[in-house]
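Chains A, B and C, in that order, are what the protein sequence lines are.
Going by UniProt numbering, the first sequence runs without a break in its numbering and finishes at 370.
Going by UniProt numbering, the second sequence runs without a break in its numbering and finishes at 408.
Going by UniProt numbering, the third sequence runs without a break in its numbering and finishes at 80.
Note that beta-carbon positions come from the ideal geometry of N, C-alpha and C, so glycine has one too.
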Amino acid sequence: MSSVIIVGGGIVGCAVALELTQAGWQVTLIERDCLGSGATAAGMGHIVVMDEGEAQLKLTLFGQQLWQALTADHPQPHEYHACGTLWVATDTEEWDLVAEKAAVYQQYQIACEILDAAALYAHEPALREGLVGGLLVPNDSVVYPPKSAVYLWQQAEKHGATLVYGEVTTIQTNYVQLNDGRQLSADAIVVANGQRCIDLLPELPIRAKRGQLVITERYPALIKHQLVELSYIKNAHASSGDSVAFNLQPRPNGQLLIGSSRQFDRTDRQIDQLLLSQMLRKAIDYVPALADVRCLRTWTGVRAASPDGLPLIGQHPERAGLWLNVGHEGLGITTALSSARLLADQMLQRQSQLEIQPYLPRSLQQEQPQ
Amino acid sequence: MSLNVVIVGAGPAGLAAAWSASQSNANITLIDQAAQAGGQIWRGGQGYAPKRYRHLFGQQTTLHYRKQTHVLGASEQQLYLATPQGPQQLRYDRLILANGARELFLPFPGWTLPKVVGVGGLQALVKGSLPIAGKRVVIAGSGPLLIAVASQLKQRGAIIKAVVEQVPIAQLLRFGRSLVGNPTKMLQAAQFAQALANTPFYVNTWITAAEGEGEVQQVQLNNGQRIECDYLACSWGLIANTELAQQLGCRLEQNFVVVDRSQHTSRDQVYAVGELTGIGGEDKAVIEGQIAGFVATGNYQAASQLAQQQAQARQFSQQLAASFALRPELRQLAQANTIVCRCEDVTLAQLQSQPSWRSAKLQTRCGMGICQGRVCGGATQYLFGWSQDSVRFPIHSVSVADLVMESV
Amino acid sequence: MKQIRISINGTEYQVTEHSNLAAVLMDKAIANRRSVTGEPRMAVCGMGSCGECRVTINQQAHQLACLLQCCDGMEVDCEP
Numbered sequence: 001m002s003s004v005i006i007v008g009g010g011i012v013g014c015a016v017a018l019e020l021t022q023a024g025w026q027v028t029l030i031e032r033d034c035l036g037s038g039a040t041a042a043g044m045g046h047i048v049v050m051d052e053g054e055a056q057l058k059l060t061l062f063g064q065q066l067w068q069a070l071t072a073d074h075p076q077p078h079e080y081h082a083c084g085t086l087w088v089a090t091d092t093e094e095w096d097l098v099a100e101k102a103a104v105y106q107q108y109q110i111a112c113e114i115l116d117a118a119a120l121y122a123h124e125p126a127l128r129e130g131l132v133g134g135l136l137v138p139n140d141s142v143v144y145p146p147k148s149a150v151y152l153w154q155q156a157e158k159h160g161a162t163l164v165y166g167e168v169t170t171i172q173t174n175y176v177q178l179n180d181g182r183q184l185s186a187d188a189i190v191v192a193n194g195q196r197c198i199d200l201l202p203e204l205p206i207r208a209k210r211g212q213l214v215i216t217e218r219y220p221a222l223i224k225h226q227l228v229e230l231s232y233i234k235n236a237h238a239s240s241g242d243s244v245a246f247n248l249q250p251r252p253n254g255q256l257l258i259g260s261s262r263q264f265d266r267t268d269r270q271i272d273q274l275l276l277s278q279m280l281r282k283a284i285d286y287v288p289a290l291a292d293v294r295c296l297r298t299w300t301g302v303r304a305a306s307p308d309g310l311p312l313i314g315q316h317p318e319r320a321g322l323w324l325n326v327g328h329e330g331l332g333i334t335t336a337l338s339s340a341r342l343l344a345d346q347m348l349q350r351q352s353q354l355e356i357q358p359y360l361p362r363s364l365q366q367e368q369p370q
Numbered sequence: 001m002s003l004n005v006v007i008v009g010a011g012p013a014g015l016a017a018a019w020s021a022s023q024s025n026a027n028i029t030l031i032d033q034a035a036q037a038g039g040q041i042w043r044g045g046q047g048y049a050p051k052r053y054r055h056l057f058g059q060q061t062t063l064h065y066r067k068q069t070h071v072l073g074a075s076e077q078q079l080y081l082a083t084p085q086g087p088q089q090l091r092y093d094r095l096i097l098a099n100g101a102r103e104l105f106l107p108f109p110g111w112t113l114p115k116v117v118g119v120g121g122l123q124a125l126v127k128g129s130l131p132i133a134g135k136r137v138v139i140a141g142s143g144p145l146l147i148a149v150a151s152q153l154k155q156r157g158a159i160i161k162a163v164v165e166q167v168p169i170a171q172l173l174r175f176g177r178s179l180v181g182n183p184t185k186m187l188q189a190a191q192f193a194q195a196l197a198n199t200p201f202y203v204n205t206w207i208t209a210a211e212g213e214g215e216v217q218q219v220q221l222n223n224g225q226r227i228e229c230d231y232l233a234c235s236w237g238l239i240a241n242t243e244l245a246q247q248l249g250c251r252l253e254q255n256f257v258v259v260d261r262s263q264h265t266s267r268d269q270v271y272a273v274g275e276l277t278g279i280g281g282e283d284k285a286v287i288e289g290q291i292a293g294f295v296a297t298g299n300y301q302a303a304s305q306l307a308q309q310q311a312q313a314r315q316f317s318q319q320l321a322a323s324f325a326l327r328p329e330l331r332q333l334a335q336a337n338t339i340v341c342r343c344e345d346v347t348l349a350q351l352q353s354q355p356s357w358r359s360a361k362l363q364t365r366c367g368m369g370i371c372q373g374r375v376c377g378g379a380t381q382y383l384f385g386w387s388q389d390s391v392r393f394p395i396h397s398v399s400v401a402d403l404v405m406e407s408v
Numbered sequence: 001m002k003q004i005r006i007s008i009n010g011t012e013y014q015v016t017e018h019s020n021l022a023a024v025l026m027d028k029a030i031a032n033r034r035s036v037t038g039e040p041r042m043a044v045c046g047m048g049s050c051g052e053c054r055v056t057i058n059q060q061a062h063q064l065a066c067l068l069q070c071c072d073g074m075e076v077d078c079e080p
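Pasting the structure below:
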């Protein structure tokens, strides 16, 4: 029986733990705080098929299918909620994107429905006047990621996986060193600790992309679908500077999550007031009733971004026995299950459902901050 | 340009700080969430303060009083505010934190029933014109507030069915003896004793359950006694409102802000006074407030003249903490199905399997509701020894529009 | 003291101007809200900390009654 140490008990690490224990490996998971407490807890938990390139689309679609299978019998532990995504078009330029996006989804048999303005308001009457239409993607959903992470872990634990609390300071060949002096060894090591991977492996091409979110009190009647602006990808994927994009999620309990923002190379927890204001102004612009909605809390989280927006899934290019599953940026919940499957396929030398090439750890040349 | 002194909290400590700071030519701003100055203890205004302190209210005419204003957060040089006119930022050169304390509530079966309220909570509601004459009230928990509120409510015609204090009699008598040499407090104690003559006063006793259909109708004590009532007021002491101090990075020890003899915190130009630095009531609050107001405006001589009174007030605060320490039996009051987090209805059983406050928050949403852990945080610290993690912006829940700043 | 009229759950009440809204609801034994598991709740802390006194005022949900004074024509809705 082979043994493996997984560094990082976020949703990705927990998913990898389950894949490998199910395959009969002896798994030790190392977590510095508590399970699902890093980027897993900070994000929105949107299970979304994203179409920024074929590789991303395939990985997110496969992820969504695995989520549907996981939650089919037991949706409750994940607070699974099939609210769908409604991409909102504000002008003719964005309306053109609706058709393009629909064509791509249809090519992959992903259900979607083009909404004209009247249909848009029938679906979401709280949207402001003057919008052009939208694209409804009904199979997108949301989960509550910290609970999902623990759920995945509990399944792994049933198969004999072990949890160790501690902070890994260095990774050597076949062993890791913890900050309290402990050394743990295994046949293989998997790094799945998100943006913190560069503390251990500074050669990885991963940059911090910090986000800020706001959660509100319960307003169960305000919106029904996760609302995202059609220029989201354009706004979200600028390669430098700070940016905001409208992204509003109805939690199953009636709370609303308001996003989103991006800041490169910041990992601190201080709220950026100016960026928060920009983000909220934009949200109010789309849904005017939000102005009077009561906010409970804001927080920051750090996405681990790779230069091409695709995660690194596979063996470290220069170190045998060291495996990576990092760089999921803002899609780590969607791609947790699919990336864990693809990583396990490689470690177990199994056939993969997807062509693995686009996700293999690549260029170690760190992109220079601009 | 004159110095910008900003004071958060218009209770005794904040008013006193404003009074002494206004002896200089500083530009003073006093911020409070209420419509009227006075804080919790002098709620209702000047008429509720002892005569010796009424002059502190007079200062409101010479400073900027920002009423109904919530401090949402702070950075090194400015505060983020939600005001009746919308969000604002306020720059400060000196910041005096005087934002007081809240009550500690411990969960027990039935504590979520309507008309089970805080002791200070009932006092506030009565000042807000809740009719109490002829109502049967049980006051339970711990601390001098029980007696003070019982005597006030009785004067307003309430039938105080019982005052229930968890502290053993010997400990209480020791505390009484420690007041000798403190004439103001002796007099106060004597007044309370007189006001509460013929009122059942149980020591070494605590509440084990509240019962009733739709609202509290009777309470059960650990001595087996059952008492019928219309209101149960309970609290187990006070917790300092340290959220703003924490956000500023001030050092805390045992849930209080650490200050030196000038009331200076570990952060430059930031002072803390009153209950924030240790529960001690109005006298400590006024002395500390005055010192901070003087020091912040450079009047060190005036501040140094208060040093002896400050030492005495701090000593009283320590006696108070030692005398009303909570007994371990109170950890057993909550049952498996007793709600601990009232915002999200999280039960004791759900929390018992959690390894930490952070984990409890993420897995059960304990502390994630509108109170942001202000109620359950104190309880879980006592029950499980969990310490709170970071304080999140905004400190007070406000509308989305109140978070949108024009520029920063 | 001046009497004013406010509406609570559609019923008109005469109350003293400036009386605290949480106090009025408690006196009339009207629960401010339902908890997430459906329990009736009223004010607890009386000072804006606990949030138990949340009500809808003039169609604005989640307002803290304990920090508000009654004013003429106020429409108060509590979760049924």
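Problem - Separation of Val258 of chain B from Arg251 of chain B, as counted between CA atoms - result: Going from the Cα of Arg251 of chain B to the Cα of Val258 of chain B covers about 6 Å.
Exercise for the section: Examine chain A for any beta-carbon lying closer than 8 Å to the beta-carbon of Ile339 of chain B, and answer yes or no. Expected result: Ile339 of chain B does not count as touching chain A.
Practice task
Just tell me which of B:Tyr271, B:Leu248, B:Ile147, B:Ser2 has its CA closest to the CA of Thr199 of chain B.
Solution key: With respect to the C-alpha of Thr199 of chain B, the residue from B:Tyr271, B:Leu248, B:Ile147, B:Ser2 having the closest C-alpha is B:Ile147.
Exercise for the section: Examine the Cβ distances between the segment 131-145 of chain B and the segment 153-163 of chain B and report whether three or more of them are shorter than 8 Å. Expected result: Counting Cβ pairs under 8 Å, three or more are found: they touch.
Practice task
Closer than 8 Å by C-beta to Gly157 of chain B: which residues in its own chain qualify, once you throw out the five before and the five after it? Chain order, please.
Solution key: For Gly157 of chain B, where only same-chain residues beyond five positions count, the Cβ hits under 8 Å are Ile132, Ala133, Gly134.
Exercise for the section: Quick one: measure Cβ to Cβ for Ala325 of chain B and Ile239 of chain B, integer angstroms, because I've assumed they're closer than 8 Å. Expected result: 14 Å between Cβ atoms; not a contact.
Handout entry: Inter-residue Cα distance where the pair is Arg210 of chain A and Phe316 of chain B
Key = About 48 Å.
Practice task
Identify the continuous alpha helix (DSSP H) that holds Trp153 of chain A and give its terminal residues.
Solution key: Where Trp153 of chain A is concerned, the enclosing alpha helix (DSSP H) starts and stops at 145-158.
Problem - Rounded distance between the beta-carbons of Arg207 of chain A and Phe246 of chain A, thought under 8 Å - result: The Cβ separation is near 24 Å, so there is no contact.
Exercise for the section: Tell me, please, which residues DSSP counts as bridged to Thr347 of chain B. Expected result: Paired residue(s): B:Ile339.
Handout entry: Nearest-angstrom Cα separation, counted from Thr62 of chain B out to Ile7 of chain B
Key = So the alpha carbons of these two residues sit roughly 14 Å apart.
Handout entry: Contact the segment 277-297 of chain A vs the segment 124-132 of chain A: 3+ CB pairs below 8 Å
Key = Per the Cβ contact rule, the segment 277-297 of chain A is in contact with the segment 124-132 of chain A (3 or more Cβ pairs under 8 Å).
Handout entry: For Val98 of chain A and Ile114 of chain A, believed in contact at Cβ under 8 Å, the rounded distance
Key = Going by Cβ atoms, the distance from Ile114 of chain A to Val98 of chain A rounds to 6 Å, so yes, they are a contact pair.
Handout entry: Closest by C-alpha distance to Leu331 of chain A, when choosing among A:Val48, A:Leu20, A:Ile271
Key = In terms of Cα proximity to Leu331 of chain A, the closest of A:Val48, A:Leu20, A:Ile271 is A:Val48.
Exercise for the section: Name, going along the chain, the residues of the segment 70-83 of chain A whose beta-carbon falls closer than 7 Å to a beta-carbon of chain C. Expected result: So the list is empty, because no residue satisfies the distance condition.
Practice task
Say whether chain D places a C-beta atom closer than 8 Å to the C-beta of Ala61 of chain C.
Solution key: No chain D appears in the structure shown, which is made up of the protein chains A, B and C.
Practice task
Answer yes if the segment 20-29 of chain C comes into contact with the segment 65-73 of chain C, meaning at least three C-beta pairs across the two stretches below 8 Å, and no otherwise.
Solution key: Inter-segment contact for the segment 65-73 of chain C and the segment 20-29 of chain C is present: three or more beta-carbon pairs are separated by less than 8 Å.
Exercise for the section: Measure the Cβ-Cβ separation of Leu97 of chain B and Leu306 of chain B and say whether it is below 8 Å. Expected result: Taking the C-beta atoms as reference points, Leu306 of chain B is found no nearer than 8 Å to Leu97 of chain B.
Problem - Per-residue contacts from Pro131 of chain B into chain C (C-beta, under 8 Å) - result: Using a Cβ-Cβ cut-off of 8 Å, Pro131 of chain B is close to Asp27 of chain C, given in chain order.
Practice task
Please check if any C-beta of chain C sits within less than 8 Å of the C-beta of Ile370 of chain B.
Solution key: Interface annotation, Ile370 of chain B: in contact with chain C, CB-CB separation under 8 Å.
Problem - CB contact check: Ala140 of chain B to chain C, cutoff 8 Å - result: So, not an interface residue.
Exercise for the section: Would you verify that the beta carbon of Cys78 of chain C is, or is not, closer than 8 Å to some beta carbon of chain A? Expected result: The beta carbon of Cys78 of chain C sits no closer than 8 Å to any beta carbon of chain A.
Problem - Residues of the segment 211-226 of chain A with Cβ closer than 7 Å to any Cβ of chain C, in chain order - result: Flagged, chain order: Glu217, Tyr219.
Exercise for the section: Identify whether His64 of chain B lies in helix, strand or coil by the three-state DSSP scheme. Expected result: Three-state result, His64 of chain B: strand.
Exercise for the section: Please name the residue, chosen from A:Gln353, A:Ala119, A:Ser338, A:Glu355, that lies closest to Val12 of chain A on a Cα-to-Cα basis. Expected result: Of A:Gln353, A:Ala119, A:Ser338, A:Glu355, the residue nearest in Cα terms is A:Ser338.
Exercise for the section: Verify the CB distance criterion: does Ala170 of chain B have a CB-CB separation below 8 Å to chain A? Expected result: Between Ala170 of chain B and chain A, the shortest Cβ-Cβ separation is not below 8 Å.
Problem - Contact check, Gly118 of chain B vs Ala190 of chain B, beta carbons under 8 Å - result: Contact: no.
Problem - Pro183 of chain B, enclosing alpha helix (DSSP H) - first and last residue - result: For Pro183 of chain B, the enclosing alpha helix (DSSP H) stretches over residues 183-195.
Practice task
Pull up the distance between the alpha-carbon of Gln366 of chain A and that of Gly314 of chain A, whole angstroms please.
Solution key: Because Gln366 of chain A sits at a pLDDT of 48, beneath the cut-off of 50, its placement in the model cannot be relied upon, and the point is left open.
Problem - Cβ pair Gln357 of chain A, Asp272 of chain A closer than 8 Å - result: Going by beta carbons, Gln357 of chain A and Asp272 of chain A fall outside the 8 Å limit.
Exercise for the section: Give the DSSP-derived three-state secondary structure of Gly118 of chain B in the structure shown. Expected result: Looking at Gly118 of chain B - three-state DSSP - the assignment turns out to be coil, as it is neither helix nor strand.
Handout entry: Listed by chain order, chain B residues near Val36 of chain C by CB distance under 7 Å
Key = Within 7 Å Cβ-Cβ: Glu344, Asp345.
Problem - Coarse secondary structure for Arg124 of chain A, derived from DSSP in three states - result: Here residue 124 of chain A turns out to be Glu, not Arg, going by the sequence shown. Annotated three-state conformation of Glu124 of chain A is coil, per DSSP.
Practice task
Using a Cβ-Cβ cut-off of 8 Å, state whether Gln363 of chain B counts as contacting chain A.
Solution key: The Cβ of Gln363 of chain B sits closer than 8 Å to at least one Cβ of chain A.
Practice task
Could you list the residues in the segment 29-46 of chain A with a C-beta less than 8 Å from some C-beta on chain B, going in chain order?
Solution key: Among the residues of the segment 29-46 of chain A, those with a Cβ less than 8 Å away from any Cβ of chain B are Asp33, Cys34, Leu35, Gly36, Ser37, Ala41, in the order of the chain.
Practice task
Could you please tell me which residues of the segment 60-84 of chain B, in chain order, have their CB closer than 9 Å to any CB of chain A?
Solution key: Those residues of the segment 60-84 of chain B that come within reach of chain A (Cβ to Cβ, closer than 9 Å) are Gly73, Ser75, Tyr80.
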